[in-house]
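Heads up, the thing below is written out as structure tokens.
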Amino acid sequence: AQLEADIQLGLTQDQFELHYQPVMDVATGRLRGYEALIRWRHPERGMVPPDAFLPTAEQSTLICAIGRWTLNHATRQLVAWTEQDPAGHADATMAVNISGRHLATRSLIDEVRQALTDSGLTPKRLILEITETVLMEEPAADAHLRALRQIGVTVSLDDFGTGYTSIGQLQKLQVDTLKIDQSFLHSPDPGTAALVQLMITAAHAFGLDVVAEGVENQEQLDRLAAIGCESAQGYYLGRPAPAPNVTAETGPHA
Ligand code: G
Ligand code: G
Ligand code: MN
Ligand code: NA
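Plus 493 on top of the position in the sequence shown (first one is 1) and you've got full-length UniProt numbering.
Below is the structure:
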């Protein structure tokens, strides 16, 4: 309860901030967009990572307040970058993580519409990341994602491969993009490469784009290029960073 009260206070006192991690085009090395990742700059505890407060926030409607805050800030930030550097950001996207509890609320649809109107961002440049588990377990997910896609926003299936979605189900889900979980790039098991190849082939067959997560070196990037994965994200391509340090030129640095 103390943590909940602290989060509530943090929201009113503007203690949260977003860090942005670039998503790069594998074939060209160019910027495709960013994922917004929340951080809590706590007055006494310093920078608090999301794993330390999101589980508590998810136990109440606090997670919806955090979600609204993130949507509003991330959309405005992308529009600001686009105004500063139109050439580098013309079609750049902004991905925002949406929790299951927030997706379950019908009001999310109006909140997304409002964030788009307030920021002036083109709907398709906003990507909502939904985890595979939420999509399978939240009864309202399908209908709400359908309504969100009707607005024109892009939906991405996050952490793919860690849950129980079968490849065949991809065909019926309300998603545009698949994010392959970073565990697949980091596995020492040689069979994993074939599995990644299979996921990418299936995703393409169903008309989905693919983002590989957790790229930490050039070999991983080369392998993704060879199997036709269009986008990649990871420390090798750029770490999550606060807004002032992000530019369209963010690129590989070993
Ligand atoms: O950097 P990393 O530690 O940022 O993120 C850890 C986890 O927190 C990830 O699973 C990510 O999806 C989640 N996360 C980060 N920011 C947000 C956010 O704004 N909302 C939600 N619901 N999850 C987030
Ligand atoms: O939303 P999602 O669960 O995908 O959150 C992404 C998480 O992965 C964040 O915590 C982010 O900081 C982290 N991350 C991003 N790139 C890398 C990477 O290359 N390696 C590792 N180990 N973690 C990463
Ligand atoms: Mn994510
Ligand atoms: Na993920």
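Glycine residues also receive a C-beta, built at the ideal position from the N, C-alpha and C atoms. Keep in mind the model is a prediction, meaning the values are calculated, not measured.
Bounds of any beta strand (DSSP E) do not take in F677; it lies within the alpha helix (DSSP H) bounded by 676 to 679.
Comparing C-alpha distances from R732 to each of Q501, T505, Y513 shows the shortest one belongs to Y513. If the five residues before and after P735 are omitted, its C-beta is found closer than 6 Å to the C-beta atoms of H512, all from its own chain and listed in chain order. Taking M540 as reference, the option from T586, Q508, Q664 with the minimal CA-CA separation is Q508. Look at which beta carbons fall closer than 6 Å to any heavy atom of ligand 3; those residues are E528, N590, E622, D651. Pairing V703 with L671 gives a Cβ-Cβ distance under 8 Å. Burial state of T647 is buried, judged by a 10 Å Cβ sphere holding 16 or more other Cβ atoms.
In terms of side-chain proximity, the C-beta atom of D544 is found nearer than 7 Å to a non-hydrogen atom of ligand 1. In this structure L666 is buried. Its beta-carbon is surrounded by 16 or more other beta-carbon atoms within 10 angstroms. According to DSSP, A567 shares a beta bridge with no other residue. Using a Cβ-Cβ distance cut-off of 8 Å, the region 629 to 640 and the region 609 to 619 are not in contact, since fewer than three pairs of beta carbons, one from each stretch, lie closer than that value. A573 sits away from Y527, with the two beta carbons spaced by 8 Å or more. Using a cutoff of 7 Å, the CB of L547 counts as near ligand 1, since one of the ligand's heavy atoms is closer than that. Taking C-beta atoms as the reference points, D682 and F653 fail to come closer than 8 Å. Counting the other Cβ atoms within 10 Å of the Cβ of N710 gives fewer than 16, which makes it exposed.
In this structure, the CA atom of I556 is about 17 Å from the CA atom of A608.
Checking the 7 Å criterion, the Cβ of P735 is out of range of every heavy atom belonging to ligand 2. Looking from the CA of A580, the closest CA among R523, A597, S592 belongs to R523.
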